[in-house]
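Residue numbers (this note's numbering): 1 to 169. C-beta: ideal position from N, C-alpha, C; glycine also. For clarity, every value in this text was computed on a predicted model and none was experimentally measured. See structure below.
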Amino acid sequence: MKFSEIQELVKLINKSNLTEFKLKEGDFEISIRTKNYGKVRAKDIQALQSSVPQVVSVPAPMQAMAAAPAPVAAAPAPIPAEAPASENKNTLLIKSPIVGTFYRSAGPDKENYVGIGSIVEVGTVVCIVEAMKLFNEIESEVSGKIVKILVDNESPVQYDQPLFEVEPI
1 MKFSEIQELV KLINKSNLTE FKLKEGDFEI SIRTKNYGKV RAKDIQALQS
51 SVPQVVSVPA PMQAMAAAPA PVAAAPAPIP AEAPASENKN TLLIKSPIVG
101 TFYRSAGPDK ENYVGIGSIV EVGTVVCIVE AMKLFNEIES EVSGKIVKIL
151 VDNESPVQYD QPLFEVEPI
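And the structure:
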């Protein structure tokens, strides 16, 4: 890739809503992160994915790989059709805005964002959901006290799946 092409790519990324871009062609790899990397709210990810145009054409060998059938993986545990019944009818749910893997902390050696009894406000980061190698901080959309954690750490979660039960205070 020529330097002028890299400059053009940086300009395109700065004009878009992307926060990170990675490209690999053979031995050449480039990774670009904007100043907003890590600040994008998880619920904005879906809007970004649908609004960003395809910037890089995919070489024919990679298209063939994409067209090949993927190996069959074990089906994830079924998700209940309804939110779990709450013992207290006055509780609110914090739900996953995306499909991915649920993490209670920023890393294995890091402290959990919240636990049972934690007080959260609107905008408090409560967990991370990893989707396609992107770690999305999930912020609470309600205020109150966490009374129940509905998902195990490192478990797959579905869109709109309840993650936490919150008692308003």
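Taking the C-alpha atoms as reference points, what is the distance between residue i and residue j?
i, j, result
"Glu121", "Ile128", "17 Å"
"Leu18", "Glu29", "18 Å"
"Lys142", "Glu167", "For clarity, residue 142 is Val in the given sequence; the question names Lys instead. About 9 Å."
"Ser31", "Ala106", "21 Å"
"Lys210", "Thr91", "There is simply no residue 210 to check, as the chain begins at 1 and stops at 169 in what is shown."
"Gly117", "Thr124", "14 Å"
"Lys95", "Thr34", "28 Å"
"Lys148", "Lys24", "43 Å"
"Met1", "Ala131", "28 Å"
"Lys15", "Thr101", "30 Å"
"Ile119", "Lys145", "4 Å"
"Gly115", "Leu93", "15 Å"
"Asp27", "Leu150", "43 Å"
"Val3", "Phe21", "Before going further, note that residue 3 is Phe rather than Val in the sequence given. Cα to Cα, the separation comes out at about 16 Å."
So what does residue i bridge to, in DSSP terms?
i, result
"Ser105", "Asn112"
"Val120", "Gly144"
"Leu92", "Val166"
"Cys125", "The question names Cys, but residue 125 is Val in the sequence shown. Answer by DSSP bridge pairing, in chain order: Glu139."
With a cut-off of 8 Å on the beta carbons, I'd call residue i and residue j a contact; round off their distance for me.
i, j, result
"Tyr113", "Val99", "The Cβ separation is near 20 Å, so there is no contact."
Beta strand (DSSP E) runs contained entirely in the stretch 11–36, provided each spans 3 or more residues: 20–25 and 28–33
Three or more C-beta pairs below 8 Å linking the stretch 134–143 and the stretch 151–162: no
Any beta strand (DSSP E) of 3 or more consecutive residues that is wholly inside the stretch 127–169: 134–139, 144–149 and 162–167
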